Amino acid sequence: MENGNAAQRVIQDLRGLAAVAGPGARLPSIRELTARHQASPVTVAEAIRQLAAEGLIEARPGRGTFVATPPDEPGVPDLSWQTVALGPRRFGQDEMQELLALTPDGTIPLSGGYLHADLQPAAALGGALTRAARQPASWQRGPVEGRADLRAWFAREAGAGLHAEDMVICPGGQAALSSALRALAAPGDALLVESPTYLGALAAARAAGLRVVPVPADADGVRPDQLAAAFARTDARLFYCQPLYANPHGATLAEHRRAQVAEAVRDAGAFLIEDDYARDLTIDDPAPPPLASDDPDGHVIYLRSLTKSTAPGLRVAAVGARGPAGARLRAARLLDDFFVAGPLQQAAIDFLTSPAWSRHRRALRTALRTRRDALLTALRRHLPSLVPQSVPRGGMHLWVRLAAGTDDVALAAAAAAEGVAVFPGRPWYAAEPSAPHLRLTYAAAAPELMDEAVRRLARVLR
Numbered sequence: 001m002e003n004g005n006a007a008q009r010v011i012q013d014l015r016g017l018a019a020v021a022g023p024g025a026r027l028p029s030i031r032e033l034t035a036r037h038q039a040s041p042v043t044v045a046e047a048i049r050q051l052a053a054e055g056l057i058e059a060r061p062g063r064g065t066f067v068a069t070p071p072d073e074p075g076v077p078d079l080s081w082q083t084v085a086l087g088p089r090r091f092g093q094d095e096m097q098e099l100l101a102l103t104p105d106g107t108i109p110l111s112g113g114y115l116h117a118d119l120q121p122a123a124a125l126g127g128a129l130t131r132a133a134r135q136p137a138s139w140q141r142g143p144v145e146g147r148a149d150l151r152a153w154f155a156r157e158a159g160a161g162l163h164a165e166d167m168v169i170c171p172g173g174q175a176a177l178s179s180a181l182r183a184l185a186a187p188g189d190a191l192l193v194e195s196p197t198y199l200g201a202l203a204a205a206r207a208a209g210l211r212v213v214p215v216p217a218d219a220d221g222v223r224p225d226q227l228a229a230a231f232a233r234t235d236a237r238l239f240y241c242q243p244l245y246a247n248p249h250g251a252t253l254a255e256h257r258r259a260q261v262a263e264a265v266r267d268a269g270a271f272l273i274e275d276d277y278a279r280d281l282t283i284d285d286p287a288p289p290p291l292a293s294d295d296p297d298g299h300v301i302y303l304r305s306l307t308k309s310t311a312p313g314l315r316v317a318a319v320g321a322r323g324p325a326g327a328r329l330r331a332a333r334l335l336d337d338f339f340v341a342g343p344l345q346q347a348a349i350d351f352l353t354s355p356a357w358s359r360h361r362r363a364l365r366t367a368l369r370t371r372r373d374a375l376l377t378a379l380r381r382h383l384p385s386l387v388p389q390s391v392p393r394g395g396m397h398l399w400v401r402l403a404a405g406t407d408d409v410a411l412a413a414a415a416a417a418e419g420v421a422v423f424p425g426r427p428w429y430a431a432e433p434s435a436p437h438l439r440l441t442y443a444a445a446a447p448e449l450m451d452e453a454v455r456r457l458a459r460v461l462r
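For the sequence shown, the positions run 1 to 462 when the numbering used here is used.
In structure tokens form, the structure reads like this:
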């Protein structure tokens, strides 16, 4: 019992000394501790052993006992060599990250590319995914091109020109577009795009090493005369466009231009990638059919995604073409990621073939109209100069022109500080912008917040 008490006295003494001494400081020797605490050398040695096991002190044979020195902090690794190895950054990386960034708490989102949570058919999708997960067959490997019934659904949506065997299922529209660009063009080739156009298309094109050439567009869509001139000047064989509610400017390719655009593509012996992302986002009149529905000679590459009109988590899309182009698309998708997860495909076709899909589209149409009109009303009240001359009849966005000389990028940053998220127009152009713009999204915020959002934006502009 006395040895135990002595050991505790030694331990407490050493703890106190170590607390006030710096790392590496010498502590009393075993002989000194033995005399100080009237303890045996064995008891003192056992006390030192316990504290050494805790890492508080360390015994150095032949030298004595010392306060333990923490291990050296690991040095900061020098990763600067990677900058040389990687080369310059690819265009659009920062802009895409900003576009997909989550809105901070307290900020009203007038930016984004997905539906507000209240507009997403989460319950129906959850039920479909639960049923799919319970089916053992959905976990097995299916056709690499995707489920036949899902491919058939996308083919029917494209019109009479495509069939199930022409389609391949992809994990989202961005993946489909990236694969299409790599499959149909080689690095250094020219890609014609509307100006302005979808930021993700610009980023994917530059990542594929393509030379992006802008073609002017107006309220009626891309200008056929300028498209023909661009084909002649660049010898391009690929044109990317969104004929329906184009992102960001919202224009729909006018009826009188459809045949002219098809003729320009046909005369150039080129392909047209039709990104039909907004097919299910119609608000007013019925949408015109896809360009792919009237394409007898296989010039149109058709791309359709479910993500924009349902929920960000439903990463299911399809891309299709006929002839050798279709074969190359399917081969490119196989090399990218083999196939889309079976349960997700099963859930998608379950949802699309249920009454919930029709109900969702009807409800979504009403909700988008309410939000679009609420944003327009707020602009008329607080910023009438920003009301667009042409109001899109579908989609998610308003494209508003700013006063000449306005720095739209700086304005977007200032708006964020004021508590409203907007996106500048400059990144949507492949070349110099025609004028400063903002893209205002009405699908990402509740309608009752539109007035306050525009009020905050007005404070920044004033």
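We put the beta carbon where it would ideally sit given N, CA and C, even for glycine. These numbers were taken from a predicted model, which means no experiment stands behind them.
*asked:* So, with DSSP's three-state summary, where would you put alanine 207?
replied: helix
*Beta carbon of leucine 375, beta carbon of leucine 398: below 8 Å?*
yes
*Using 10 angstroms around the beta-carbon of methionine 1, count the other beta-carbons present and answer buried if the total reaches 16, otherwise exposed.*
For methionine 1, the pLDDT reaches just 46, beneath the cut-off of 50, and the residue's location in the model is therefore unreliable, leaving the point undetermined.
*Reduced DSSP secondary structure (H/G/I, E/B, other) of valine 144*: coil
*Less than 8 Å separating the beta-carbons of alanine 325 and phenylalanine 239?*
no
*Quick one: does the C-beta of arginine 380 sit closer than 7 Å to a heavy atom of the ligand ATP?*
The ligand ATP is not part of the structure shown, which contains no ligands of any sort.
*If you follow the beta strand (DSSP E) that aspartate 275 is part of, which residue opens it and which one closes it?*
271-275
*Determine the direct distance from the alpha carbon of arginine 381 to that of arginine 330, and round the result to whole angstroms.*
51 Å
*Where does valine 193 land, buried or exposed, given buried means 16+ other C-beta within 10 angstroms?*
buried
*Measure the alpha-carbon distance for valine 168 versus isoleucine 349 and round it to whole angstroms.*
Computed Cα separation, rounded: 14 Å.
*Tell me whether the beta-carbon of alanine 264 lies closer than 8 Å to the beta-carbon of proline 224.*
yes
*asked:* Check this for me: beta carbons of glycine 342 and glutamine 140, under 8 Å apart or not?
replied: yes
*Supposed contact pair alanine 217 and serine 195 - C-beta distance, whole angstroms, cut 8 Å*: 6 Å
*asked:* Mapping the DSSP letters down to three states, classify methionine 1 as helix, strand or coil.
replied: Only weak support is given to the placement of methionine 1: the predicted model assigns it a pLDDT of 46, under 50, and the value that follows is read from those uncertain coordinates. Coil, per DSSP.
*Backbone secondary structure at threonine 130 - three-state DSSP*: helix
*Counting pairs of Cβ atoms below 8 Å between the stretch 41-56 and the stretch 76-85, do you hit three or more?*
Too few Cβ pairs lie closer than 8 Å, so no.
*First and last residue of the alpha helix (DSSP H) that includes arginine 26?*
That residue, arginine 26, is in no alpha helix (DSSP H); it is neither H nor E in DSSP.
*In terms of residues, what are the limits of the alpha helix (DSSP H) holding histidine 249?*
For histidine 249, there is no enclosing alpha helix (DSSP H), since its DSSP letter is neither H nor E.
_Report the CB separation of glycine 419 from leucine 438 in whole angstroms; it is logged as a contact under 8 Å._
With 8 Å as the limit, glycine 419 and leucine 438 do not qualify as a contact, their Cβ atoms being about 16 Å apart.
*What do you get for aspartate 276, buried or exposed, if any count of 16 or more other CB atoms within 10 angstroms of its CB means buried?*
buried
*For serine 293 and serine 178, the rounded distance between their alpha carbons*: 23 Å
*CB leucine 99 to CB glycine 113, shorter than 8 Å?*
yes
_Range covered by the alpha helix (DSSP H) that runs through valine 454_ = 450-461
*From glutamate 448 to aspartate 407, what distance separates their C-alpha atoms?*
29 Å
*Just the C-alpha distance for serine 340 and alanine 128, rounded to the nearest angstrom, thanks.*
Reading off the sequence, residue 340 comes out as valine, not serine. Their backbone Cα atoms lie some 16 Å apart in a straight line.
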